[in-house]
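Enquirer: Just so you know, the sequences run in chain order A and B. Note that our numbering has the first sequence beginning at 1, numbered continuously upward. Note that our numbering has the second sequence beginning at 1, numbered continuously upward. First the structure, which I've put down as C-alpha cells, then a few questions once you've had a look.
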Amino acid sequence: MSSIAIKVEELSKAYQLGQIGTGTVSRDIERWWARLRGKDDPFLKIGEQNDRTTAGKSGVVWSLKDISFDIQQGEAVGIIGRNGAGKSTLLKILSRVTAPTTGTVKTRGRVASLLEVGTGFHPELTGRENIFLNGAILGMRKKEISKKLDEIIDFSGVERYIDTPVKRYSSGMYVRLAFAVAAHLDAEILIVDEVLAVGDAEFQKKCLGKMGEVSKGSGRTILFVSHNMAAIKALCNHALVLDKGGILANSDSSTGIRMYLNSGVDSDQKILQDAIQDNSDEYMVWKQVEVQQQHVAATELDNNKPFDVVITYELKTAVRGFRLFADIADDQQLSIAKTFFDEAQDTGTNLEAGTYRTVLQFPADLLIEGQYSITLFAGIHGIRLIRPVSGIPITISMVEMGLYKRRRFEEDFRGKLTLPLSWSTQLVGAAKQF
Amino acid sequence: MNKTATPVTAEKWDMVIEPRGHLLDIRLKELWRYRDLLLLMVRRDFVSFYKQTIFGPIWFFVQPVFTTLIYLFVFNTLAGIKTDGAPAPLFYLAGITMWNYFSECLLKTSTVFRDNAGVFGKVYFPRLIMPLSIVLSNLLKLAVQLLLFFGALAFYHFFKGGGFSINAHALLLPLLLLQLALLGLGAGMIISALTTRYRDLAFLVSFGVQLLMYATTVVYPLSAAPAKYKWLIAANPLTPIIETFRYGFLGSGVFTWQPLLLSGMVTCLVALAGVLVFNKVEKDFIDTV
C-alpha cells in the first residue's frame with residue numbers, strides 16, 4: 001500500500017492588490033489590532049475569487065481558496081491551469097518560499113523545488129564553484145555534491161568550460177549546467193515549475209527523459225507545472241487542474257487535460273455571452289460567434305477537413321472603416337498569425353447599418369494537432385476597438401486525422417502549420433548503365 | 001475541522017507548513033543541516049570580491065589605510081584631538097578596523113531581504129543563513145585588516161620605539177568581535193525586518209550609521225568627550241568594545257568591567273530580538289518586499 005507524500009488541507013492564500021504605501025498603514029494597524037484581540041483578519045473576509053478579467057471591489061484577492069488534496073508517494077502529478085489559476089502560488093507554498101494565509105501542508109520526505117534553474121549562480125564564479133553553491137542552495141550537502149560532481153558535469157555537457165566563470169557562458173550553457181545540478185537532487189519530492197521552456201530542443205528532451213526516469217525509476221514524487229499538455233501526458237500519471245484558485249479536477253492525467261481544455265471553452269462562452277448581452281456600444285453588437293465544421297458547431301476539429309468561424313453582428317448605424325480581424329495563437333498564447341477580413345484595403349470597409357454574417361474559412365490540413373485559440377476583434381479603423389477590447393477568444397482543439405501525423409510529442413519538427421504547398425518531381429535524365 | 005480524527009491517525013510528517021509559526025520556532029536543526037551552504041556563501045563573497053583583480057585581498061587594506069590618513073589629518077592635525085597618549089595612527093586604525101566591521105555587518109544585514117529577493121523568491125533555505133554569511137565573510141575581511149593593524153603595531157615597536165603597551169586585556173579580542181558581530185547582526189536584522197514592508201527606514205540607516213560613528217569613540221577617546229555628553233557616549237554599547245580593544249592593544253584609556261558587561265547584555269538582547277523579528281518576517285516577506 002502506498003502512503004501519502006503530500007497532504008494539503010484547506011490551503012488558502014490571499015494577496016493584497018495595488019501598491020503598498022501610506023494608504024496601507026492604517027489598514028495594517030487595523031489588521032494588527034484585530035489580531036491582537038484574537039479576532040479574524042478583517043480584510044480577509046471580503047476577498048473574492050481570483051478572476052483576472054474583472055476588477056475587484058476589495059483590495060484582497062484569493063489566489064488559492066480552500067484547496068485540499070493528497071498526493072501518493074511515487075506519483076507524478078501534473079499541475080495545469082490557465083494563467084492566474086494559482087499554480088505558481090501553490091508551488092511557492094509547497095516549496096516554502098511563502099507561507100499560506102490559512103490551511104496546512106504536510107509532507108513526508110525531503111522536498112526539493114525547482115522554480116527556476118540556476119538560482120544563486122554567481123557570474124564571477126566558475127562552473128565548478130557554482131555547481132557547489134547552487135547544489136547547496138537547493139539543499140544538498142557538500143559531500144553529496146562532490147560525489148555526484150562528475151555525473152553532473154557529464155550531464156551538463158559543458159566540461160570544457162567548467163573552470164571558466166559562468167558570466168562567459170552562453171545562455172544555453174548556463175541553463176544546461178543549472179539543470180544538471182537540479183537533475184541530480186536527491187529528494188523524495190521534486191517540485192518543478194515550467195523550467196524546461198529554456199534550453200534547446202535536444203537538451204529539453206534530455207531533461208524530460210531524466211525527469212521521467214526520476215519519477216518512474218526511483219519511486220519519487222514529482223509535481224510538475226506545464227502548459228505543454230503533451231509533456232504532462234508523457235510524464236505524469238495524475239493531473240491536478242486548477243481554475244481561479246480552486247480545484248477543477250483531480251484525476252488521471254488524460255481526464256484532467258480534457259477537463260482543462262473544456263474549461264477553456266466554458267470561459268470562452270462566458271466572454272461571448274457577456275459581449276452579446278452588452279448592448280452599450282453605439283456602433284456594433286455581437287450576435288453570435290461559432291466554429292463550424294461541415295456546418296455543425298464544434299470545438300474539437302478534424303485537421304484534415306476545412307472549418308469555418310461564423311461571426312454574426314449588428315451595426316446600429318452606418319460605419320466607415322469597419323474592420324474585423326482574428327489573432328491565431330498556439331496553446332502557449334504565442335501568436336501564429338493575424339488575419340483581417342479586408343486584407344486588400346488598409347483603411348477598413350464602409351458598411352451600412354444592419355445585421356451581417358462574416359465567415360472566416362480555414363482550409364483542411366492547415367493546423368497540426370494541438371490546442372489553438374482564435375481571438376476575434378472588431379474595430380473602427382484608426383479610431384478604436386469595439387468591446388471587449390481583449391477580443392472574443394475561441395479555443396479549438398485540432399485532432400490528428402489527416403496526412404500529417406507527428407509520431408511523438410517532442411517533435412516540433414513540423415512547426416505549427418502544414419502549408420498546402422505542392423511539390424513535383426520529374427525524371428530529367430536516365431540513369432547510367434553499369 | 002475534524003478534531004477527533006487527528007489523534008487516531010497519529011501520522012508522522014517530516015515537514016508541516018503552516019500560516020504563521022510560533023515566535024520561538026527558530027529551527028536550529030535545519031540551520032545546522034545547511035551549514036555547508038553557509039560556508040559556500042562566505043567563500044563566494046570572499047572570492048568574488050577579488051576575482052579579476054591583480055592584488056586580490058590586498059585591496060582590503062586600502063580603505064582602512066586611507067581613512068586613517070584622513071582622520072589623522074582632520075581630527076589630529078586640524079582639530080587637535082588628543083589620542084590618550086597612544087600613537088595617533090595606531091589609535092585611528094584600531095578604531096576604524098573595529099568600527100568598519102560593525103558598520104558593514106549592520107548595513108549589509110539591513111538590506112538582506114531586498115538584496116536577495118531574487119533567490120529568496122525561488123528557493124527555500126533557512127533565511128538566517130544569509131545574515132550569518134554576511135557576518136562571517138566580513139569577519140574574514142576583518143581578519144585581513146587586523147593583519148594590517150598588527151603589522152602597524154610591529155612597525156611602531158621596531159622602528160618608532162613603541163609608544164604603546166599590549167596587555168592581557170588584548171585576550172578579550174574574540175569576545176569583542178563576537179559582540180560587534182552580534183550587535184551588527186541583531187540591529188541589521190531588526191531593520192531588515194522593518195523595511196520589508198515600508199522602506200522608509202532604509203533611507204535613515206546609511207546616514208544613521210555615520211552619525212552613530214560620531215557617538216562612538218572612533219575618532220576620539222572617551223576621555224576627550226565633553227562632560228555634558230559623556231554619559232551618552234558611554235551608554236552607547238559600542239563604546240566599551242572599542243575602548244577595551246584600544247586598552248588591550250595600545251594601553252590607552254582606562255578599562256573597567258562594568259560597562260563592557262552592560263554592553264554585552266545589551267548585545268545579547270539586540271541579537272535575540274533580531275533573530276525573533278527576522279524569523280517572523282522571513283515566512284512571507286516575499287509577498288511584500
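Ideal Cβ placement from N, Cα and C applies to all residues, glycine included.
Cα separation between Thr217 of chain B and Ser206 of chain B?
Expert: Straight-line Cα distance between these residues: approximately 19 Å.
Enquirer: Given Gln72 of chain A, which residues of its chain have a CB within under 8 Å of its CB, disregarding the five upstream and five downstream residues?
Expert: Only Ser2, Ser3, Ile4, Ala5 and Thr221 meet the Cβ criterion.
Enquirer: Check this for me: beta carbons of Ile386 of chain A and Met284 of chain A, under 8 Å apart or not?
Expert: Cβ atoms of Ile386 of chain A and Met284 of chain A: closer than 8 Å.
Enquirer: Rounded to a whole number of angstroms, what is the C-alpha to C-alpha distance between Leu136 of chain B and Asn116 of chain B?
Expert: Between Leu136 of chain B and Asn116 of chain B, the C-alpha separation is close to 17 Å.
Enquirer: Can you tell me the Cα-Cα spacing of Glu282 of chain A and Ala318 of chain A, whole angstroms?
Expert: Whole-angstrom Cα-Cα distance: 11 Å.
Enquirer: Any C-beta of chain A sitting closer than 8 Å to the C-beta of Tyr229 of chain B?
Expert: Not an interface residue.
Enquirer: Chain A partners of Val119 of chain B, CB-CB under 8 Å?
Expert: What Val119 of chain B touches in chain A: Thr119, Gly120 and Ile137.
Enquirer: Would Gly415 of chain A and Met398 of chain A be called neighbours here (beta carbons separated by less than 8 Å)?
Expert: Cβ distance not < 8 Å, so Gly415 of chain A and Met398 of chain A don't count as in contact.
Enquirer: At 4 residues or longer, what runs of the alpha helix (DSSP H) sit wholly inside the stretch 247-279 of chain A?
Expert: Counting whole runs of 4 or more residues, the stretch 247-279 of chain A contains the alpha helix (DSSP H) stretches 253-277.
Enquirer: Please list, in chain order, all residues of the same chain as Leu132 of chain B whose beta carbon is under 7 Å from its beta carbon, the five residues on each side excluded.
Expert: These residues qualify, in order along the chain: Leu38.
Enquirer: Ile368 of chain A by DSSP, collapsed to three states: which one?
Expert: It is coil, neither helix nor strand.
Enquirer: For Arg258 of chain A and Val428 of chain A, what's the separation of their Cα atoms in angstroms?
Expert: Cα-Cα distance, rounded: 51 Å.
Enquirer: How about Arg246 of chain B and Leu133 of chain A: do their beta carbons lie closer than 8 Å?
Expert: No. Outside cutoff.
Enquirer: Please name the residue, chosen from A:Glu194, A:Thr312, A:Asn83 and A:Ile137, that lies closest to Leu360 of chain A on a Cα-to-Cα basis.
Expert: Comparing Cα positions, the closest option is A:Thr312.
Enquirer: Would you check whether the ligand SAH has a heavy atom nearer than 7 Å to the C-beta of Leu147 of chain B?
Expert: Ligands are entirely absent from the displayed structure, and the ligand SAH is therefore not among its contents.
Enquirer: Should Ala187 of chain A be flagged as near chain B, meaning a C-beta pair shorter than 8 Å?
Expert: Ala187 of chain A does not count as touching chain B.
Enquirer: Let's see if you can read the secondary structure: which residues bound the alpha helix (DSSP H) around Asp154 of chain A?
Expert: Element bounds for Asp154 of chain A: Lys142 to Ser156.
Enquirer: Name the chain B residues that come within less than 7 Å of Leu351 of chain A, Cβ to Cβ?
Expert: Residues of chain B passing the Cβ test: none, with the nearest at roughly 50 Å.
Enquirer: Which term fits Glu129 of chain A, buried or exposed, when burial requires 16 or more other beta carbons within 10 angstroms of its beta carbon?
Expert: Classification for Glu129 of chain A: buried.
Enquirer: Need the endpoints of the beta strand (DSSP E) that Lys13 of chain A sits in, please.
Expert: Its beta strand (DSSP E) spans residues Ile4 to Gln16.
Enquirer: Just the Cα atoms here: how many angstroms apart are Leu260 of chain B and Thr239 of chain B?
Expert: Looking at the two C-alpha atoms, the distance is approximately 9 Å.
Enquirer: Give me the DSSP bridge partner(s) of Ile162 of chain A.
Expert: For Ile162 of chain A, which the question treats as bridged, DSSP gives no partner whatsoever.
Enquirer: Measure the alpha-carbon distance for Ile162 of chain A versus Ile137 of chain A and round it to whole angstroms.
Expert: Approximately 19 Å, taken between the alpha carbons.
Enquirer: Using a cut-off of 8 Å between C-beta atoms, extract the partners of Leu40 of chain B located in chain A.
Expert: Neighbours of Leu40 of chain B on chain A, chain order: Phe132, Leu133, Ala136 and Lys142.
Enquirer: Quick one: using the 10 Å Cβ neighbour count with 16 as the cut-off for buried, is Asp268 of chain A buried or exposed?
Expert: Result: buried.
Enquirer: Please list the partners that Val16 of chain B has in chain A, where partner means a Cβ-to-Cβ separation under 9 Å.
Expert: Within chain A, the residues near Val16 of chain B are Thr104, Val105, Lys106 and Thr107.
Enquirer: With a CB to CB cut of under 6 Å and the five nearest residues on each side skipped, what residues in its chain are close to Gly402 of chain A?
Expert: For Gly402 of chain A, the predicted structure reports a pLDDT of 47, less than 50, and the residue's modelled location is therefore unreliable. A value from the coordinates is still provided. Asn303, Asn304 and Asp365, listed in sequence order.
Enquirer: For Tyr15 of chain A, would you say it is in contact with chain B, using Cβ-to-Cβ distances shorter than 8 Å as the test?
Expert: Chain B contact via Cβ: present.
Enquirer: How far does the alpha helix (DSSP H) with Asp45 of chain B in it reach, from first residue to last?
Expert: Per DSSP, Asp45 of chain B belongs to the alpha helix (DSSP H) from Arg35 to Tyr50.
Enquirer: If Pro64 of chain B and Ile96 of chain B are in contact, beta carbons under 8 Å, what's the gap, nearest whole angstrom?
Expert: About 5 Å; that satisfies the 8 Å criterion.
Enquirer: Would you identify the three-state DSSP class for Pro259 of chain B, choosing helix, strand or coil?
Expert: Pro259 of chain B falls in the helix class under three-state DSSP.
Enquirer: Measure the C-alpha to C-alpha separation of Leu194 of chain B and Leu183 of chain B and round it to an integer number of angstroms.
Expert: If you take the alpha carbons of Leu194 of chain B and Leu183 of chain B, they lie about 17 Å apart.
Enquirer: Can you list the residues of chain A that Ser223 of chain B reaches, using a CB-CB cut of under 9 Å?
Expert: Per Cβ cutoff of 9 Å: no residues; Ser223 of chain B is ~45 Å from chain A at best.
Enquirer: Between Ala99 of chain A and chain B, is the shortest Cβ-Cβ distance under 8 Å, so that the two count as touching?
Expert: Chain B, which has a Cβ nearer than 8 Å to the Cβ of Ala99 of chain A, makes this yes.
Enquirer: Helix or strand or just coil, what does DSSP make of Tyr313 of chain A?
Expert: Residue state, collapsed to three classes: strand.
Enquirer: Run through chain A and tell me which residues come within less than 9 Å of Tyr124 of chain B, C-beta to C-beta.
Expert: Per Cβ cutoff of 9 Å: Ser95, Arg96, Val97, Val111, Ser113 and Gly139.
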